[in-house]
Structure formats: structure tokens, C-alpha cells
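A short worksheet on the structure shown next.
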Ligand SMILES: [Zn+2]
């Protein structure tokens, strides 16, 4: 150690005192960084859509893929939480289990009941489904009987507007009321509990939409921006980790998204840029 110290001093030409100060500074920096990362609690909110073995859209995962992911969360000791748990953590500083995860589904597809629900039950995993109130009971979507049954078994339901518009494109406040307030009341009347959370369709919102979301009594809202959620985040633009079907390496992509969302975000940007470049040059 002393030899190394002597070597470093010799190379950069430091006096012994300055060398010690530099060493102390590096140690201090190391301790602060470790402290920061160890205490930086980020909660992943996974965003799913369809789970089935028929649809091959980018939004659909096969039951085998979904089962592998739930099995991993279960075996790795993750605690599935509710949006209320997340809100209390973000807003009130209430502690959450070390490995917490919020599992969400958008749109309320009927396969959530047929294919995803049995897998969630198998691992005792709770989840939240954001419903499009107008589509409930339509072919391909959950009906109230299925929703009520799932409600009895740790599945929560929250809002995803009346009929899935791009909220940021709506100019008319009456239309915003229909999408945000009336659909919320409709869901509440059927569910028998308050709907406090919204997922923006397509992840689209603007300042006026957020104002209305707050006015109509939602406590927090989710985007499709990739990332975990920390206490510094705005409650009305919460991040999620979208889990899409990949034709290959689905599990690896899921694992990377769960553990390194920021790396995946950079990867997404890079591939979008590359595709754009390809379009303009080739
Ligand atoms: Zn949607």
C-alpha cells in the first residue's frame, strides 16, 4: 500500500500531505456515492397490456413469457404492491419492502382474466388494471362479472379514460370531463370503491390535462415514460417500465428493464436514432 502510495505520489508529483488529502477525498467520495445509491429507493412499475397465445402484436406476451417473469419476481423475493402503497411511499415517505414492484395492465383486455389472472394467482401476485370504461363488456375486453371476481382476489382496477383518446389533443373541457371525471364515477359506481389513479392513454398529457386530472380527484397518474419512481418524481407524471413482446430474448429484456431501466432507455433512444438515420440516409 505504502509502495503504491509512494508510486502514485512519484507519478503525479504530490507531497505526502497532499497525497493523504487526495486519498481522504477519494475515500469520502466513495462513501458518499455508495450511501447515495444504497439509499436511492426506486420502485419499478411494470406496464403490461395483453397476455395470450393468439395475438402476436407487440403489446402481447405469451403465457409462457409472462409466467417466467412472474416466477422470477416471486423467486427473487419481490413484494407486489398497490398504487396506494406507492403513493404513500412517494408522498408520505412510508417505507416499502426492499424489493417492491407495482404490476400494471392497461386497457382491460379479456385475456387479463383468461390468461394472466391464473398465473398471478399461482404466485400470489397482486396487480392493477387500468380500465377504459366505455370498452368494458365489449368483445375482447373484460366484463363486469370478471372484474368483480378478480376484485375479490387482489386485483385492483383504476382509470384509463372513457374511450382512450389522446388527452393532450382535446380542446374541449366538457370532453375532458367525460374522459376523466364521468368515466371515473362510472367505474366507482360499479367497483364500490374510489378510483384514485389514472394511466394516460398512449402516455399523452399536457399541463392542462394534469390540472384537470387533479381537479377531478385523482391522486396520481402514470405515463409510459421508461424509468423507476423515486420520491423526487411528480405524482402526475409517474414512470413505468413497459414490458413488450420481443421476438427474441424476452426474458433478458425484461430483466434489464427491471434492473437497469435507464440503460434500456438509452438503448431505446439509440435504436430510434439509428432507425431515423437509416431512413434518411439509406
Ligand atoms: Zn391504453
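Residue numbers (my numbering): 110 to 391. Built from N, CA and C at the ideal position, the CB exists for glycine as well.
Beta-carbon separation (whole angstroms), residue i vs residue j, contact threshold 8 Å
{"i": "residue 193", "j": "residue 205", "result": "Between residue 205 and residue 193 the Cβ distance is about 11 Å, and since that is not below 8 Å, they are no contact."}
{"i": "residue 325", "j": "residue 306", "result": "The pair is not a contact, with the Cβ atoms about 12 Å apart (cut-off 8 Å)."}
{"i": "residue 345", "j": "residue 167", "result": "Their Cβ separation, rounded to whole angstroms, is 27 Å, which puts residue 345 and residue 167 out of contact at 8 Å."}
{"i": "residue 242", "j": "residue 295", "result": "5 Å"}
{"i": "residue 232", "j": "residue 263", "result": "The Cβ separation is near 11 Å, so there is no contact."}
{"i": "residue 214", "j": "residue 225", "result": "7 Å"}
{"i": "residue 217", "j": "residue 251", "result": "5 Å"}
{"i": "residue 211", "j": "residue 154", "result": "4 Å"}
{"i": "residue 363", "j": "residue 178", "result": "5 Å"}
{"i": "residue 189", "j": "residue 230", "result": "The pair is not a contact, with the Cβ atoms about 12 Å apart (cut-off 8 Å)."}
{"i": "residue 208", "j": "residue 187", "result": "5 Å"}
{"i": "residue 265", "j": "residue 332", "result": "In fact, because the Cβ distance is near 19 Å, the residues do not count as touching under 8 Å."}
{"i": "residue 334", "j": "residue 311", "result": "In fact, because the Cβ distance is near 12 Å, the residues do not count as touching under 8 Å."}
{"i": "residue 277", "j": "residue 221", "result": "Between residue 221 and residue 277 the Cβ distance is about 26 Å, and since that is not below 8 Å, they are no contact."}
Backbone secondary structure at residue i - three-state DSSP
{"i": "residue 188", "result": "strand"}
{"i": "residue 166", "result": "coil"}
{"i": "residue 124", "result": "coil"}
{"i": "residue 209", "result": "strand"}
{"i": "residue 173", "result": "helix"}
{"i": "residue 393", "result": "Because the chain here runs from 110 to 391, residue 393 falls outside it and cannot be looked at."}
{"i": "residue 275", "result": "coil"}
{"i": "residue 306", "result": "strand"}
{"i": "residue 314", "result": "coil"}
{"i": "residue 299", "result": "helix"}
Per DSSP, the bridge partner or partners of residue i
{"i": "residue 157", "result": "214"}
{"i": "residue 359", "result": "BP columns for residue 359 are empty, so no partner."}
{"i": "residue 266", "result": "238"}
{"i": "residue 350", "result": "155"}
{"i": "residue 250", "result": "218"}
{"i": "residue 329", "result": "306"}
Closest Cα partner of residue i within the set the options
{"i": "residue 360", "options": "174, 236 and 261", "result": "174"}
{"i": "residue 246", "options": "188, 257 and 237", "result": "257"}
{"i": "residue 284", "options": "253, 266 and 317", "result": "317"}
{"i": "residue 323", "options": "158, 343 and 221", "result": "343"}
{"i": "residue 176", "options": "200, 332, 228 and 187", "result": "228"}
{"i": "residue 254", "options": "311, 159, 219 and 270", "result": "219"}
{"i": "residue 161", "options": "179, 155, 311 and 170", "result": "170"}
{"i": "residue 279", "options": "309, 297 and 265", "result": "309"}
{"i": "residue 158", "options": "138, 208, 237 and 136", "result": "237"}
{"i": "residue 151", "options": "137, 141 and 202", "result": "202"}
{"i": "residue 172", "options": "156, 223 and 187", "result": "223"}
{"i": "residue 289", "options": "268, 299, 297 and 275", "result": "268"}
{"i": "residue 292", "options": "332, 270, 275 and 134", "result": "270"}
{"i": "residue 319", "options": "286, 297 and 298", "result": "286"}
Assigned exposure category for residue i - 16 Cβ within 10 Å defines buried
{"i": "residue 124", "result": "exposed"}
{"i": "residue 110", "result": "Low confidence applies here, because residue 110 scores a pLDDT of 46, under 50, leaving its location unreliable and the question unanswered by this model."}
{"i": "residue 185", "result": "exposed"}
{"i": "residue 281", "result": "exposed"}
{"i": "residue 199", "result": "buried"}
{"i": "residue 348", "result": "buried"}
{"i": "residue 261", "result": "exposed"}
{"i": "residue 130", "result": "exposed"}
{"i": "residue 127", "result": "exposed"}
{"i": "residue 350", "result": "buried"}
{"i": "residue 329", "result": "buried"}
{"i": "residue 367", "result": "buried"}
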